[in-house]
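A short write-up of the structure that comes next.
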Amino acid sequence: METDTEMSRDLEQYARTLGEAARAAGRLLALTSGRQRNDALTRIAEALRNRTAEMLAANARDLEAAESARLSKAMIDRLRLDDSRVAAMARAVEEVAAQPDPVGRVLGGWVRPNGLRIEKRAVPLGVVAIIFESRPNVTSDAAALCLKSGNACILRGGKESHHSNLAIGAVLAGALEAAGLPAAAVQIVDTTDRRLVPALLVQEETIDLVI
């Protein structure tokens, strides 16, 4: 049986592994075109529709655990997925894909006295870690927004939606690979241990922003 110190070391190593994989994926994403990223988002929306059954099966495990834990009806409702909610997740991804490409957008510019023009353009941040509550749809929403803007992401949802998030993550990974992009561009934290959060927060060399 592992001691608390050993478990903490394991979590620190896991956090480093997540960050390093995301950093490598982020470098590749930064080289993609808006068309490539939109293709990936379109494939994600299609995969969400085609693989609804496996996500609902995973969600059923979370709902069973939530009911056993006697969570409130409002909490359970936020956690619940069904055919219509998965369809809404897919539509939301398509809506992100339909937005103008934010990468390369000119934010401002000026011309120097010598005629040299200088421009400020929007570029990807790199790697974004997002920690959120137990709403499974946030997983696909957050991934879509990060991909659209050329950023890799590490997603850590609430423990109540753990199985749902992992199932959604598997769908996202498959769609990314089908689009020729690295699956590590979207990573779902596979532990519910709260000690992982501070371990992620100190990965300054690989994670650029934590939300």
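Quick note on the working numbering: the sequence shown kicks off at 38 and runs consecutively. Note that beta-carbon positions come from the ideal geometry of N, C-alpha and C, so glycine has one too. Note that the structure is a prediction, hence the values are computed from the model and not measured.
DSSP, read as helix, strand or coil, puts I81 in helix. Annotation: the region 101 to 183 contains the following complete segments of the alpha helix (DSSP H) (minimum length 4 residues), in chain order: 110 to 116, 120 to 135. In this structure the region 201 to 211 touches the region 165 to 176; the number of beta carbon pairs closer than 8 Å is three or more. Taking C-alpha positions only, G145 is separated from A159 by approximately 10 Å. Separation of the CB atoms of T243 and E57 is rounded to 6 Å, and the pair is thereby assigned contact status at 8 Å.
Remark: C-beta atoms of A62 and A189 approach each other more closely than 8 Å. Counting only the Cα atoms, L65 lies some 25 Å from A236. Taking Q240 as the centre and dropping the five residues before and after it, the same chain places the C-beta of A52, R53, G56 closer than 7 Å to its C-beta, in chain order. About 18 Å separates the beta carbon of L184 from that of V226, a gap too long to meet the 8 Å contact definition.
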